[in-house]
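Q: For reference, the structure I am asking about is given below.
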Amino acid sequence: MTLPDGRSRQFPGPITGAELAAAIGPGLAKAAIAVRIDGRPHDLATIIDHDSTIAIITRDMPEGVEILRHDAAHVMAEAVKELYPETQVTFGPATETGFYYDFARETPFTPEDLARIEERMRDIVKRDEPIAREVWERDRAVAFFESVGERYKAEYIGEIPAHEEISLYRQGDFVDLCVGPHLPSTGRLGQAFKLMNVAGAYWRGDPNNAQLQRVYGTAWPNQKELDQHLFRLEEAERRDHRRLGRELDLFHLQEEAVGSVFWHPKGWTLYRAIESYMRRRLEKVGYQEVKTPQLLDRSLWEASGHWENFRENMFIAESRDERVLAVKPMNCPGHVQIFRNRLRSYRELPLRLAEFGSCHRNEPSGALHGIMRVRAFTQDDAHIFCTEDQVTAEAIAFCELLLSIYRDFGFEDVAIKFATRPPVRAGADATWDVAEQNLEAAVKAAGLAYTLNPGEGAFYGPKLEFVLRDALGRDWQCGTLQLDFVMPERLGAFYIGEDGARHRPVMLHRAILGSFERFIGILIEHYAGNFPLWLAPVQAVVASITDEAAAYADEVAGELAAAGLRVIADTGNEKIGYKVREHSLAKIPVIIAVGRREAEQRGVSLRRLGSPAQEALALTDAVAKLNAEAAPPG
RNA sequence: GCCGGCUUAGCUCAGCGGUAGAGCAACCGCCUUGUAAGCGGUAGGUCGUGUGUUCGAUCCACACAGCCGGCACCA
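Here it is in structure tokens:
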């Protein structure tokens with residue numbers, strides 16, 4: 003047996019994973035929950051009867067935690083079957099932070115049911131029931147599950163490929179179809195789990211199927227990690243952009259404009275700070291800003307293919323002469339109109355048209371979420387018209403721009419996904435071959451690592467999806483780069499080449515922030531509302547300590563404002579401690595206190611959000627210093 | 001859109017078949033203040049909307065809307 007450290011051990015005959023772990027050491031035997039044999043995970047009870055590469059999987063390894071969570075799902079299913087025998091079990095996998103199990107049941111589970119189920123799960127863990135794997139003959143397994151009324155399980159067996167084993171796992175009186183591996187016994191799960199909530203979920207993810215009851219839980223190797231996870235959830239709640247949006251007076255939402263944001267002065271200041279930053283970054287690298295109509299005739303959407311693919315999600319309007327118009331759900335057809343409005347020469351390529359494009363999409367009501375998923379939003383959209391030869395250079399330049407901009411917003415960790423042709427699409431397969439090859443070559447040329455996201459491309463082309471990781475470790479897909487050979491053809495875009503003939507341009511659809519609304523939501527949560535100085539809606543407050551200093555406070559605020567800072571004066575009749583608290587809660591980055599002393603010396607006392615330290619400065623120095631600090635990056 | 005839950009003052013939340021309460025915020029006054037809550041007072045609600053049951057509904061039932069958690073969707 004070859005072990006992970008490269009050493010090998012000899013055994014006289016076949017041995018189980020558990021015995022192997024025990025042979026290595028008692029500590030390992032205790033922590034062991036499964037064994038990896040020649041790269042594949044198995045139960046500890048698996049008999050190893052040939053020379054193999056072996057690794058013991060312990061409960062603190064990522065692979066081990068996944069098994070633990072999968073077992074938690076099984077224990078939950080056992081608990082549910084004991085408490086509610088009429089319930090059918092379906093699927094119950096591990097997730098990122100826990101597990102779920104989908105149950106088929108007439109009456110939905112209530113929160114009280116969850117408490118009962120969780121209690122019973124703890125009993126089952128205490129019972130420490132052995133978990134045993136059995137391989138069954140296919141027909142017998144189907145007959146068995148049908149006989150016990152588990153129709154979903156029986157149906158699923160029929161879809162397991164013929165060459166695969168049908169394995170069942172038995173714990174106590176509960177038997178479940180499962181590939182495993184699993185723990186040796188229910189006691190090994192431990193008690194560091196918790197049921198979280200119930201939700202509806204379609205059988206096999208298909209809305210045409212029955213809706214099942216999905217019970218979510220979280221599970222960890224030990225209580226400490228469970229507690230940490232629950233604390234992270236609380237932290238996420240504290241940072242929730244809907245909560246901070248209200249507390250910081252950034253925006254609100256209301257029934258009369260579902261899915262649209264009412265931006266308040268502070269929120270709009272933040273929005274404009276981001277917009278002007280983006281505008282400057284784009285101009286520097288050769289984009290030209292445009293603005294295209296909100297309403298465009300139906301015929302254009304038919305030509306682009308959007309009418310066919312997204313009709314249900316478009317807002318439709320009618321003009322008085324009975325033309326049918328759609329409120330634009332995206333900007334590309336508009337940009338193509340600008341491109342094809344006159345003859346274009348190859349000398350103009352690459353032509354980069356950018357728009358802070360205000361779009362409307364009639365999203366299903368259940369999809370809406372704060373300002374992250376809305377019906378009215380603005381994209382930092384642009385379309386690059388270029389030749390096939392220019393694709394790689396444009397793609398590399400775009401990736402560099404995107405990563406640099408993400409860094410400026412405090413996102414260092416960015417993953418890339420490569421999304422290939424979807425099942426329903428426009429354009430010939432040969433066109434897709436070329437597009438996918440080009441995009442793959444481009445991302446490789448940019449020297450960036452990516453993972454494949456098969457079948458997730460846009461209907462007109464493959465795409466790169468840029469996923470950033472926030473301060474809480476959550477992933478958000480924001481940027482995109484899409485390579486499109488289809489739209490230029492459908493909308494009749496061409497340019498005159500060096501040879502004097504007409505050629506089709508390639509179109510790159512690209513966005514960095516995605517939507518302003520969503521990106522601002524992400525920023526709020528990433529920074530927990532503590533924006534860096536250049537983004538803070540109010541950058542500084544000048545608070546007077548006594549009435550005597552009020553006039554001077556106004557003067558200081560005036561000087562800072564004249565230097566271009568966003569500043570307010572607080573000359574109200576409150577103690578300085580009260581003012582510091584109020585403005586700290588409002589997350590204003592700089593609080594400047596001025597009393598009689600400062601007024602006499604023309605100085606300020608400066609304090610940063612989150613720190614009790616005070617800094618005494620001359621007014622002129624403070625203005626220069628803050629002004630320099632508040633300069634946007636890039 | 002689907003499943004489930006929720007909806008009481010600006011916010012956070014009590015409450016109950018006999019038409020409502022707290023804290024914070026707001027407003028007014030006193031205090032003239034030195035770095036995360038000084039003190040006192042005042043005002044504030046068609047209990048999401050509609051229909052029904054009832055002598056009487058914020059409370060019970062039904063419908064609708066919005067929101068929340070998921071699912072599905074995301075050009």
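Mind the numbering: the first sequence is residues 3 to 636 in the working numbering, read in order. Glycine is no exception: its CB is placed at the ideal position from the N, C-alpha and C atoms.
1) State yes or no: is the C-beta of G502 within less than 8 Å of the C-beta of Y348?
2) Just list the residues that DSSP pairs P43 with in beta bridges.
3) By the DSSP assignment, the beta strand (DSSP E) with A218 in it spans what residues?
4) Let me know the beta strand (DSSP E) ranges lying completely inside the stretch 134-193, each 3 residues or longer, listed in chain order.
5) List the residues that DSSP assigns as beta-bridge partners of C388.
6) Should T109 be labelled buried (16 or more other beta-carbon atoms within 10 Å of its own) or exposed?
7) Among D623, D51, I69, Q484, which has the Cα closest to the Cα of G100?
8) Less than 8 Å between the C-beta atoms of R283 and L403, yes or no?
9) Specify the secondary structure class of A620 as computed by DSSP and reduced to three states.
10) Unbroken alpha helix (DSSP H) runs of length 4 or more, entirely within the stretch 472-553: which are they?
11) Within the continuous alpha helix (DSSP H) that includes Y408, where are the two ends?
12) Sort G475, R598, C480, N315 by Cα distance to G516 and report the nearest one.
13) Relative to the C-alpha of R512, which candidate in K589, V558, G463 has its C-alpha closest?
14) I need the straight-line Cα distance from T92 to E65, nearest angstrom please.
15) When the Cα of D382 is compared with those of Y452, R354, A23, which residue comes out closest?
16) Taking all protein chains shown into account, decide if T216 is buried (16 or more other Cβ within 10 angstroms of its Cβ) or exposed.
17) Heavy atom of the ligand PLP less than 7 Å from the Cβ of L22, yes or no?
18) Using CA coordinates, which residue listed in R124, Y171, V200 is at the minimum distance from P113?
19) By Cβ distance, which residues of its chain are closer than 7 Å to G182, with the 5 residues on each side in sequence left out?
20) If L246 and I526 are in contact, beta carbons under 8 Å, what's the gap, nearest whole angstrom?
21) For G463, does the three-state DSSP call read helix, strand or coil?
22) Taking Cβ positions, are L483 and F358 nearer each other than 8 Å?
23) May I ask you to report which of helix, strand or coil DSSP gives E581?
24) Just to confirm, is the Cβ distance from A538 to P591 under 8 Å?
25) Could you compute how far the alpha carbon of A24 sits from the alpha carbon of L179?
26) Taking its Cβ as the centre, do 16 or more other Cβ atoms sit within 10 Å of L454, making it buried, or is it exposed?
27) What is the C-beta distance between T548 and G597, in whole angstroms, given that I count them as a contact (C-beta under 8 Å)?
28) Within the continuous beta strand (DSSP E) that includes G202, where are the two ends?
29) For the stretch 294-310 against the stretch 547-562, do three or more pairs of beta-carbon atoms, one drawn from each stretch, fall closer than 8 Å, so that the two count as touching?
30) Provide the residue(s) that pair with I119 in DSSP beta bridges, ordered along the chain.
31) According to the neighbour-count rule (16 or more other Cβ atoms, all chains shown, within 10 Å of its Cβ), is T55 buried or exposed?
32) From what residue to what residue does the beta strand (DSSP E) around A328 run?
33) Short check: CB of I578 to CB of V540, under 8 Å?
34) What are the boundary residues of the alpha helix (DSSP H) that includes T433?
35) Check each candidate in E285, G261, L611, Q339 and name the one with the smallest Cα separation from F638.
36) To the nearest angstrom, how far is the alpha carbon of G566 from that of L608?
A: Checking against the coordinates, here is how it stands:
1) no
2) R38
3) Looking at the sequence shown, residue 218 is not Ala but Tyr. Note, Y218: beta strand (DSSP E), 213-221.
4) 168-173, 176-179
5) V508
6) exposed
7) I69
8) yes
9) strand
10) 489-492, 518-529
11) 393-410
12) C480
13) G463
14) 23 Å
15) R354
16) The amino acid at residue 216 is misidentified as Thr; the sequence shows Arg. So R216 counts as buried.
17) This structure simply doesn't include the ligand PLP, nor any ligand for that matter.
18) V200
19) D45, R135, S169, Y171
20) 5 Å
21) strand
22) no
23) Reading off the sequence, residue 581 comes out as Lys, not Glu. Helix at K581.
24) yes
25) 29 Å
26) exposed
27) 6 Å
28) 195-204
29) no
30) DSSP, once it has assigned bridges, lists no residue as partnering I119.
31) exposed
32) 326-329
33) no
34) 431-447
35) Shown here, the chain extends from 3 to 636; a query on residue 638 therefore has no answer.
36) 18 Å
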